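Novice: Pasting a structure below so you can have a look.
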DNA sequence: AATCCTATGGGTAACGTTTCCCAAAACGTG
DNA sequence: CACGTTTTGGGAAACGTTACCCATAGGATT
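Chains as they are written, first to last, in the UniProt record's numbering: chain A, 1 to 345; chain B, 1 to 345.
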């Protein structure tokens with residue numbers, strides 16, 4: 001079987017000829033620019049339909065606009081991120097902007113590759129979700145392209161931010177567990193050692209919120225943290241470590257639902273019952289947390305809402321690149337389900 | 001806080017001036033083209049490093065190449081698709097190609113929007129995962145841009161395909177359940193009514209495979225199908241329907257793991273025990289299926305492998321657009337876990 | 001009736017890169 | 001040493017779109 005040859009693209013010149021107007025006129029109609037009579041608009045629109053014309057983004061890109069916004073997601077497997085993405089695409093659906101995503105994958109180098117690639121491709125704007133890159137890199141990027149950073153705390157003069165109050169979220173979990181009577185509450189965090197990032201990354205702030213809340217409840221001696229990653233495997237390995245500690249924790253606060261999934265697996269393999277032997281709480285309130293057999297207590301941080309706000313900020317920023325940057329922060333809520341209960345004994 | 005002004009891009013002209021050569025020479029070095037001496041290459045490379053030059057994709061796009069491939073995924077929430085994506089990015093990591101994704105979302109119109117957008121952006125190639133668009137649309141797209149279609153069966157002269165033998169996969173499940181002694185085995189499918197698609201879509205073929213396998217085991221009178229969607233919610237609603245049927249099925253074969261998640265929830269809410277009261281099997285063997293508390297019997301269809309093969313086919317096709325199209329088909333295997341057991345009684 | 005607007009439309013030069021050519025120099029062969 | 005061949009390098013024209021200008025024609029204002 002042989003593929004057929006490809007047809008040639010219809011250009012603005014073809015449209016202009018067909019409508020008997022100049023290319024300038026067609027361009028103006030396309031962009032709803034000033035200087036077009038209703039009659040001309042109608043004729044040009046007709047010609048566009050007749051010929052099936054579509055603007056070629058590369059050519060537009062050379063003139064400065066591609067009508068494309070790039071979204072960088074850290075980990076497509078984490079079921080929380082689709083929520084944010086839904087919010088973004090919802091907000092951008094009615095606009096002329098097309099959303100394209102790239103996976104950030106592992107670490108700073110891969111992130112840089114993605115941000116560079118997006119800049120090279122002339123993105124009109126970028127939304128970076130929970131980036132791990134250095135602040136200076138982010139500001140350099142934001143200097144080239146309008147950028148909104150999602151998830152990271154801290155304000156910058158170069159980019160807008162949307163985040164959730166992770167400090168409060170962690171406290172919600174600790175307070176809930178402590179109210180149930182737990183004292184040995186352990187936490188599994190996504191490892192973060194870089195001191196410059198430690199104040200900004202949501203994972204680090206959740207860990208800090210855990211420590212503060214434990215102290216506030218007089219449980220400073222019970223603070224117990226394992227550092228792994230926000231992945232299912234990270235949760236699995238982290239829980240295995242925690243379960244061998246003596247005395248064993250009576251509750252585990254996983255920094256993300258996806259981590260809690262791994263914890264559940266390790267706990268079940270260890271022959272322990274949830275929540276009779278051990279309580280487990282997650283973070284993000286993903287759709288999996290609501291699943292019957294899992295029914296995970298989790299912190300809800302309206303991801304969709306975060307996404308729509310990020311998209312709106314980006315559009316505003318594209319419209320006015322020098323307006324002061326904004327910082328939007330949402331407050332999380334706790335959703336209690338069946339994986340948390342009073343400690344045994 | 002006010003954002004700073006943005007710097008101007010370094011172009012090939014700047015590099016040429018700095019290296020004291022022509023822009024043609026720089027272009028040749030960039031593309032490893034013929035007609036460059038080692039000395040010139042060295043000088044140009046040095047200049048590129050000095051100036052931090054990066055090629056501008058839009059300008060390249062105007063000449064026909066953007067070094068970008070587009071991937072369309074139907075549903076980012078389905079944990080099977082990240083596997084395919086990993087395979088694709090693995091295969092493309094060492095190449096000059098950058099991967100950009102777009103969510104296909106709901107239905108044909110949204111898919112067309114995505115494929116058009118990718119064509120407009122001058123993608124060098126596209127990988128469409130389980131597209132629902134009409135065959136003629138796919139062939140039109142493939143006529144404009146090298147395209148690989150993943151998941152759909154059926155051969156086309158316009159595009160290459162990579163798929164898994166869904167017919168065999170469905171049979172694996174039915175045979176497994178029948179061997180355990182089940183007779184009332186129900187199936188939840190992703191609804192497909194379009195006759196042109198019914199022969200190509202993996203979901204439809206799984207349903208067909210279910211019917212055939214039931215007949216082959218002499219269970220044609222027990223065939224029972226609910227049509228919903230391949231989503232968690234679809235599984236939930238589908239299972240609710242099945243559980244009210246009388247007599248109730250003793251086993252449910254969900255067309256995808258994500259569907260099985262919803263089934264588990266409905267079953268648990270109905271107060272039934274898995275697998276004592278009812279057996280459940282999924283499809284895709286996602287990481288969630290392996291989770292301790294879930295431990296779902298599922299059909300494994302090496303998603304990563306599918307992805308790398310699709311990417312390789314795409315690269316080959318970009319290299320030679322007239323070579324005959326290829327069709328790669330993989331064979332699935334069954335992974336039995338704790339959600340399937342002999343029927344009660 | 002002369003002047004000044006405003007609305008409408010078009011001509012044309014960019015934007016950054018590649019590709020098709022052609023020119024000059026270096027090399028190999030008899 | 002004269003000739004053909006290969007290697008090395010550059011000039012310049014695209015590619016499709018937008019933005020900055022300018023030209024014209026009516027209409028309104030004096």
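Backbone N, C-alpha and C define an ideal beta-carbon position, used for all residues, glycine too.
Keep in mind that this is a model prediction, so the values were computed, not measured.
Helix, strand or coil, according to DSSP, for residue 108(B) in the structure here?
Specialist: If DSSP states are grouped into helix, strand and coil, residue 108(B) belongs with the helices.
Novice: Identify, in the order they occur along the chain, each residue of the same chain with its Cβ nearer than 8 Å to the Cβ of residue 276(A), setting aside the five sequence neighbours on each side.
Specialist: Excluding residues within five positions, the ones whose Cβ falls inside 8 Å are 341 and 344.
Novice: Could you check the C-alpha separation between residue 221(B) and residue 300(B) for me, to the nearest Å?
Specialist: Approximately 28 Å, taken between the alpha carbons.
Novice: For residue 224(B), which residues does DSSP report across the bridge?
Specialist: Residue 224(B) is bridged to 186(B).
Novice: Considering just the uninterrupted stretch of the beta strand (DSSP E) at residue 261(B), what are its terminal residues?
Specialist: Not the beta strand (DSSP E): residue 261(B) falls in the alpha helix (DSSP H), residues 257-269.
Novice: Could you name the residues of the same chain whose beta carbon sits closer than 6 Å to that of residue 328(B), not counting the 5 residues immediately before and after it, in chain order?
Specialist: Counting only Cβ-Cβ distances below 6 Å, and skipping sequence neighbours, we find 162 and 309.
Novice: As an exercise, report each continuous alpha helix (DSSP H) stretch of at least 4 residues that is fully enclosed by the region 58-88 of chain B, in chain order.
Specialist: Correct list: empty.
Novice: Check whether the Cβ of residue 223(B) lies closer than 8 Å to any Cβ atom in chain A.
Specialist: No, its Cβ sits nowhere closer than 8 Å to a Cβ of chain A.
Novice: Can the beta-carbon of residue 198(B) be found less than 8 Å from the beta-carbon of residue 231(B)?
Specialist: No, these two residues do not count as a Cβ contact at 8 Å.
Novice: Tell me which residues share the same chain as residue 242(B) and place their Cβ nearer than 8 Å to its Cβ, disregarding the 5 neighbours each side in the sequence.
Specialist: Counting only Cβ-Cβ distances below 8 Å, and skipping sequence neighbours, we find 186, 188, 224, 226, 248, 249 and 252.
Novice: When Cβ atoms are compared, which residues of the UniProt domain "HTH lacI-type" (10-64) of chain B fall closer than 7 Å to chain A?
Specialist: Going along the UniProt domain "HTH lacI-type" (10-64) of chain B in chain order, one finds 54, 55, 56, 57, 58, 59, 61 and 62 with a Cβ nearer than 7 Å to chain A.
Novice: Note down, in chain order, all residues in the region 271-300 of chain B with a beta-carbon under 9 Å from any beta-carbon belonging to chain A.
Specialist: Those residues of the region 271-300 of chain B that come within reach of chain A (Cβ to Cβ, closer than 9 Å) are 274, 287, 288, 290, 291, 292, 293, 294 and 295.
Novice: Is it true that the CB of residue 150(B) sits closer than 8 Å to the CB of residue 84(B)?
Specialist: Closer than 8 Å, so yes.
Novice: Would you mind reading off the limits of the alpha helix (DSSP H) that contains residue 28(B)?
Specialist: Looking at the DSSP string, the run of the alpha helix (DSSP H) that includes residue 28(B) is 23-30.
Novice: Evaluate residue 346(A) with the Cβ neighbour count: other Cβ atoms within 10 Å of its Cβ, from every protein chain shown; 16 or more gives buried, anything less gives exposed.
Specialist: Nothing in the structure corresponds to residue 346(A), since chain A is present only between 1 and 345.
Novice: For residue 124(A), count the other beta carbons within 10 Å of its own beta carbon; 16 or more makes it buried, fewer makes it exposed. Which is it?
Specialist: The residue is buried, with at least 16 neighbouring Cβ atoms inside 10 Å.
Novice: Please go through the same chain and pick out, in chain order, the residues whose beta-carbon is closer than 7 Å to the beta-carbon of residue 233(B), but skip the five residues on each side of it.
Specialist: Result list for residue 233(B): 262, in chain order.
Novice: Cβ closer than 8 Å: which chain A residues qualify as neighbours of residue 85(B)?
Specialist: Under the 8 Å cutoff, chain A gives 76 and 103.
Novice: Could you tell me which residues DSSP puts in a beta bridge with residue 126(A)?
Specialist: DSSP lists 70(A) and 147(A) as partners of residue 126(A).
Novice: On the DSSP bridge list, what partners appear for residue 299(A)?
Specialist: Paired residue(s): 283(A) and 334(A).
Novice: Using a beta-carbon distance below 8 Å, is residue 240(B) in contact with chain A?
Specialist: No, residue 240(B) does not count as interfacial toward chain A.
Novice: Which residues in the same chain have their Cβ closer than 8 Å to the Cβ of residue 156(A), if we skip the five residues on either side of it in sequence?
Specialist: Here the set comprises 135, 138, 139, 142, 149 and 325.
Novice: May I ask you to list, following chain order, the residues of the region 114-128 of chain B that have a beta carbon less than 9 Å from some beta carbon of chain A?
Specialist: The region 114-128 of chain B vs chain A, Cβ under 9 Å: 114, 116, 117, 118, 119, 120, 121 and 122.
Novice: Exposed or buried, which one is residue 15(A) when buried takes at least 16 other CB atoms within 10 Å?
Specialist: So residue 15(A) counts as buried.
Novice: Can you confirm whether residue 79(A), when its beta carbon is compared against all beta carbons of chain B, has any partner nearer than 8 Å?
Specialist: Interface residue, yes.
Novice: On the DSSP bridge assignment, give the partners of residue 253(B) in chain order.
Specialist: Beta-bridge pairing links residue 253(B) to 187(B) and 281(B).
Novice: With DSSP collapsed to three states, give me the class of residue 201(A).
Specialist: Here residue 201(A) sits in coil by DSSP.
Novice: Return no unless some Cβ of chain B is closer than 8 Å to the Cβ of residue 161(A).
Specialist: No, no contact with chain B.
Novice: For residue 160(B), does the three-state DSSP call read helix, strand or coil?
Specialist: If DSSP states are grouped into helix, strand and coil, residue 160(B) belongs with the strands.
Novice: Take the Cβ of residue 2(A) as the centre, count every other Cβ of all protein chains shown within 10 Å, and call the residue buried at 16 or more, exposed below.
Specialist: For residue 2(A), the predicted model reports a pLDDT of 44, less than 50, meaning its position is unreliable; a value from the coordinates is still stated below. Result: exposed.
Novice: Label residue 111(A) either buried or exposed according to how many other C-beta atoms from any shown protein chain fall within 10 Å of its C-beta, with 16 as the threshold for buried.
Specialist: Label assigned to residue 111(A): buried.
Novice: Which whole-angstrom value is the C-beta distance of residue 80(B) and residue 303(B), which I expect to be below 8 Å?
Specialist: Confirmed, Cβ separation roughly 6 Å.
Novice: Closer than 9 Å by beta-carbon distance: list the chain B residues that pair up with residue 269(A), in chain order.
Specialist: Simply 292.
Novice: Going along the chain, which residues of the region 252-264 of chain A sit with their C-beta nearer than 7 Å to a C-beta in chain B?
Specialist: Answer set for the region 252-264 of chain A: 261 and 264.
Novice: Does chain B have any CB closer than 8 Å to the CB of residue 82(A)?
Specialist: Yes, residue 82(A) counts as interfacial toward chain B.
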